[in-house]
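The listed protein sequences derive, respectively, from chains A and B.
At position 53 of the first sequence (counting the first as 1) the number is 53 in our numbering, and the numbers step up by one without a gap.
At position 275 of the second sequence (counting the first as 1) the number is 523 in our numbering, and the numbers step up by one without a gap.
Written below as structure tokens is the structure these notes are about.
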Amino acid sequence: MNAAIEVTDTTVRYGDVLALDNVSLSLPPGRVCGLLGTNGSGKSTLLKTVLGLVPADHGRIRILGHTSTQARRKGLLGYVPQSEQVDWAFPVRVRDVVMMGRYGHMSARRRPRPADHQALAHALERTHLSDLADRQIGALSGGQRKRAFIARAIAQNARVLLLDEPFAGVDKRSEDHIIELLRQLGTEGHTLLVSTHDLAQVPALCDQALLLQRRVIAHGHPAHVLHPDNLTQAFGTPTDQEDRAWTR
Amino acid sequence: MDTLTSATEWFTTPWSFAFIQRALLVSVVAGVVCAVLSCWMTLIGWSLMGDAVSHAVLPGVVLSYMFGLPFAAGALVFGAGSVALIGVVNRTSRVKEDAVIGVVFTAMFALGLVLISRVPSQTDLGHILFGNVLGVSDTDIRQILLLGAAVLLVIWYKHRDLTLYAFDPVHAHALGINPRLLETLLLGLLSVTVVVALQAVGIILVVAMVIIPGATAYLLTDRFERMLLISSAVAVLAALTGVFTSFHLNVSTGGTIVLTQATAFALAYLFSPRHGVLWKSRIARRLRAHTPTH
């Protein structure tokens, strides 16, 4: 069986800066993998490379056996952006955003058909946003905003989900809610790659973790990856740790 | 009764002139096409791009007159050409985009000025720069209607993709929809729209028509569909006010159209129920009054 995400010996450079150094990663379907590291460790770059937004210097990316381009055309890849990348004042409603997940299933004019409306209603229900569907997207709380974008990926029926810092700006109760939702998606056979600089949710959320510091420092069971020796390599010596974002 | 009669006459007297009817047709059509596109321009933040494209069409217009072609032909070539040039220089140099835009559009405008000084005198620089909506020819009207209809048709067909591009180009990419293609489409629409509005308000003020109605509507609603309606309404109102006022007071039509739009924007900026500054400061004051001070 094909791995859901397979990254082989992939190197990415931004000009002279080495962003990813020979990174390899293989993730079977139905797994939730935490992508851990400091700011600037290459987490976002790895997500963007899998998504095909950033070209790799060398290496190979396969998603369920397809190239990134093929996977995108088939609608296999879903993306939940970082909050900072979204224009929350944009005049769209929650239902409009979630419906955008269906565009790959529609004709060129993107006119929704009954199946699309059903998928929309289902995605809103699963993320408990049905009552908020007509709100403007910025009129939601931090946790609801994240759920709206997860709902978009559910409506899309993306087999592989890439989530960039889904717990930033989210309160504890919403965080538990999102963890439960993501776990369910994993159980249903979706594969999730979740970047976070906060290690607190990792044991509850992830089957696997990958610790990144431009290269892969550790990959495997969360308990093994979160071993102090590994963390020191990724985040610096324990005395440095107070300065790091993840300890906050 | 007298006031009513004179008020009616204020509208009916100009209406009896054919050139006023044509001016109304052109400024309403150009206004609505610009207003619809302006909703996307405002949300993406492309006002400088609108300025660039409008100035860059000048050499195209001059060359069209020189060779006896429809003015739209040359304008389109130079509008689209400078957008492409901006894209290429931006991608292949370290200079930031706003500087590239500044260099390209001023250079194109300068080329237009040099060309016009060598062209036989029947082309009036003033008409190109400031519009000449009271003197549009039948050919001009045909071009404006044709191009305006084409723009609205393409927008009607692709509006969901354009909004997707404006809101989240990365998601478009993730779905296998090429965001660069959508960007190119939108820039193409901008070039054609600028050409449509050129006759009404001239090169210098075109940018106002593709920004102000959308920006005004954005202050008044959080719904995109309503934004389209409000910005179109602002444009129609401004077109009517502009043409009638300029007839009675003998002032610049293009100038009056843009001033009316700017007035609408100022009113929305001050009095919009949710996003106006007066309303917001009133809420802030009330909150402060209800918060106990320590």
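Glycine included, every Cβ here is placed at the ideal spot set by N, Cα and C.
{"Asked": "Run through chain B and tell me which residues come within less than 8 Å of Tyr79(A), C-beta to C-beta.", "Found": "Val418, His419 and Ala422"}
{"Asked": "Name the residue from Leu507(B), Ile460(B) and Thr508(B) whose alpha carbon lies nearest to the alpha carbon of Ser286(B).", "Found": "Ile460(B)"}
{"Asked": "Find the residues of chain A that neighbour Met297(B), judging by a C-beta separation of less than 9 Å, and give them in chain order.", "Found": "Result: empty, since nearest Cβ-Cβ is about 17 Å, beyond 9 Å."}
{"Asked": "Does DSSP put Leu226(A) in a helix, in a strand, or in coil?", "Found": "coil"}
{"Asked": "Specify, as a first and last residue, the run of the alpha helix (DSSP H) that Ile451(B) falls within.", "Found": "Pro427 to Met457"}
{"Asked": "Quick one, which residues of the segment 280-314 of chain B are near chain A if we go by CB-CB under 8 Å, in chain order?", "Found": "Leu291"}
{"Asked": "Pull up the DSSP beta-bridge partners for Val216(A), would you.", "Found": "Leu212(A)"}
{"Asked": "May I have the straight-line CA-CA distance separating Arg215(A) from Arg408(B), to the nearest angstrom?", "Found": "40 Å"}
{"Asked": "How is His58(A) classed by DSSP in three states: helix, strand or coil?", "Found": "strand"}
{"Asked": "So, using beta-carbon positions, are Val384(B) and Val274(B) closer together than 7 Å?", "Found": "yes"}
{"Asked": "Rounded to whole angstroms, what's the CA-CA distance from Asp240(A) to Leu35(A)? Just pull it up for me.", "Found": "Only weak support exists for where Asp240(A) lies, its pLDDT of 47 falling under 50; the value from the coordinates is given anyway. Near 21 Å, if we compare the C-alpha coordinates of Leu35(A) and Asp240(A)."}
{"Asked": "For the alpha helix (DSSP H) containing Glu6(A), name the first residue and the last one.", "Found": "First-last for Glu6(A): Ile5 to Tyr14, but that is the beta strand (DSSP E), not the alpha helix (DSSP H)."}
{"Asked": "DSSP three-state call for Asn22(A): helix, strand or coil?", "Found": "strand"}
{"Asked": "Under 9 Å Cβ-Cβ, which residues of chain A neighbour Tyr405(B)?", "Found": "Ala108 and Arg109"}
{"Asked": "So Leu250(A) is in the beta strand (DSSP E); what residue range does that whole segment cover?", "Found": "Because chain A in this structure spans residues 1 to 248, residue 250(A) falls outside the shown range and cannot be described."}
{"Asked": "Among Pro222(A), Gly220(A) and Gln213(A), whose alpha-carbon lies nearest the alpha-carbon of Thr232(A)?", "Found": "Gln213(A)"}
{"Asked": "Residues of chain B with CB closer than 8 Å to the CB of Arg72(A), please, in chain order.", "Found": "His421, Ala422, Leu423 and Gly424"}
{"Asked": "Where does Gln118(A) land, buried or exposed, given buried means 16+ other C-beta within 10 angstroms?", "Found": "exposed"}
{"Asked": "What in chain B is Cβ-close to Tyr103(A), meaning under 9 Å?", "Found": "Arg408, Asp409, Leu412, His419, Ala420, Leu423 and Ile425"}
{"Asked": "Just the chain B side, please: which residues come within less than 8 Å of Asp16(A) by C-beta, in chain order?", "Found": "Neighbours of Asp16(A) on chain B: none; closest Cβ ~13 Å, over 8 Å."}
{"Asked": "In this structure, how does DSSP classify Gln136(A) when only helix, strand and coil are distinguished?", "Found": "strand"}
{"Asked": "Of all the CB atoms in chain B, is at least one closer than 7 Å to the CB of Arg248(A)?", "Found": "Caution is warranted here: a pLDDT of 37 is assigned to Arg248(A), below 50, making its placement in the model unreliable, and the coordinate value is therefore given only provisionally. Not closer than 7 Å to any Cβ of chain B, the Cβ of Arg248(A) fails to qualify, so no."}
{"Asked": "Between Leu51(A) and chain B, is the shortest Cβ-Cβ distance under 7 Å, so that the two count as touching?", "Found": "yes"}
{"Asked": "Once DSSP output is grouped into helix, strand and coil, what is the label at Thr69(A)?", "Found": "helix"}
{"Asked": "According to DSSP, simplified to helix, strand and coil, what is Cys33(A)?", "Found": "strand"}
{"Asked": "According to DSSP, simplified to helix, strand and coil, what is Gly379(B)?", "Found": "coil"}
{"Asked": "Are the beta-carbon atoms of Thr49(A) and Ala56(A) separated by less than 7 Å?", "Found": "yes"}
{"Asked": "Asp87(A) touches chain B at which residues, Cβ-Cβ below 8 Å?", "Found": "Leu291 and Phe415"}
{"Asked": "Taking the straight line between their C-alpha atoms, what separation do you get for Val331(B) and Leu363(B)?", "Found": "20 Å"}
{"Asked": "Can you check which of these residues, Ser500(B), Pro521(B) and Leu507(B), is closest to Ala210(B) by C-alpha distance?", "Found": "Coverage of chain B is limited to positions 249 through 542, which leaves residue 210(B) absent and any answer about it impossible."}
{"Asked": "Measuring alpha carbon to alpha carbon, tell me which of Ser439(B), Val442(B) and Tyr413(B) ends up nearest Arg428(B).", "Found": "Tyr413(B)"}
{"Asked": "Step through the CB atoms of chain D and report whether any lies within less than 7 Å of the CB of Arg339(B).", "Found": "Here the protein chains are A and B, and chain D is not one of them."}
{"Asked": "Could you list which residues in chain A have their beta carbon closer than 8 Å to that of Phe513(B), in chain order?", "Found": "Result: empty, since nearest Cβ-Cβ is about 17 Å, beyond 8 Å."}
{"Asked": "Does chain B have any CB closer than 7 Å to the CB of Val54(A)?", "Found": "no"}
{"Asked": "Would a check of beta-carbon distances place Arg471(B) closer than 7 Å to chain A?", "Found": "yes"}
{"Asked": "Look at the Cβ atom of Pro166(A), then the Cβ atom of Val80(A), and state whether they are nearer than 7 Å.", "Found": "yes"}
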